[in-house]
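Encoded as structure tokens, the structure appears first; notes follow it.
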Amino acid sequence: MSVIVELTIPSDAFELGQILNVEGGTQVTLETMVPLGGRPTPFVRLTDGAKEGFEQMVQDHPSVGSMQLVNTHDAETLYALEWEPPAESLFQTMTEMGAALLGATGSADRWAIELRFPSHDALSGFQEYYLDREIPVSIEKIYNPTKPDAGPWYGLTAVQRETLTHAVESGYYSLPREISTKELAGEFDISDQATTERLRRGIATLVDNTLLAAETEG
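Position in the sequence shown counted from 1, then plus 11, gives you the working numbering.
Shown next, in the form of structure tokens:
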């Protein structure tokens, strides 16, 4: 199953941060990269920056073929960047491991990057790469996507979510059990059978939209 990772890295610790070097409060956003495989073409948005100095600095970088201004609106400028990642570089390694770049935002000192890897093994391989080279990557969050139509609560209804959450917090699934089905039902003013059915359906929905979704994708 695919896995999404959010990470941060110092701007001077990887090639794209070195190319898109900014100062002060200037921010650079990687709008998209098409394609990530083969020769990546980043579309870069510069916010509140000195355009002329930025353009010259980027074009002078040895890995940059060209940089084209796409449009300008208020304090934002969008560029298309033609570049060739060096062999065994951070972004080249992402490409080889099948990573999809979901988003990236950089400042003078740090970049925040979101990536989707095709599997946990691919992510592990990427982690081995940057640890072996002592690249200071900080993992902020790792999570698995669920079914596209599952919604923000994995497909649970409001009452299923409330009942499951309260059951866990009250020790219903603890060993030994700290609250009975009857006591749990009394707190929701429903029957024992209705409580059991809520829990059963809620758990089935969670499994279907997480664990079974992982097996289907795999």
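Backbone N, C-alpha and C fix where the C-beta goes; we use that ideal spot for every residue, glycine too. The structure displayed is predicted, hence computed values, not measured ones.
- For R209, the secondary structure class from DSSP, reduced to helix, strand or coil, is helix.
- A Cβ-Cβ separation of about 4 Å places I190 in contact with S181 under the 8 Å criterion.
- DSSP, reduced to helix, strand and coil, places N220 within a helical segment of the structure shown.
- Cβ-Cβ distances below 7 Å link L80 to T88 and Y90 in the same chain, with the five nearest sequence neighbours on each side left out; the list follows chain order.
- Judged by beta-carbon spacing, E125 lies within the 7 Å limit of E17, meaning their Cβ atoms are closer than that value.
- The alpha-carbon of T83 is positioned some 12 Å away from that of D59.
- With a 10 Å radius around the Cβ and a threshold of 16 neighbouring Cβ atoms, Y183 comes out buried.
- Here V218 is exposed: its Cβ has fewer than 16 other Cβ atoms, across all protein chains shown, within 10 Å.
- The residues Q38, in chain order, have a CB closer than 6 Å to that of S118 in the same chain once the five nearest residues on each side in sequence are set aside.
- For R212, the closest alpha carbon among the candidates A169, Y154, E194 and A115 is that of A169.
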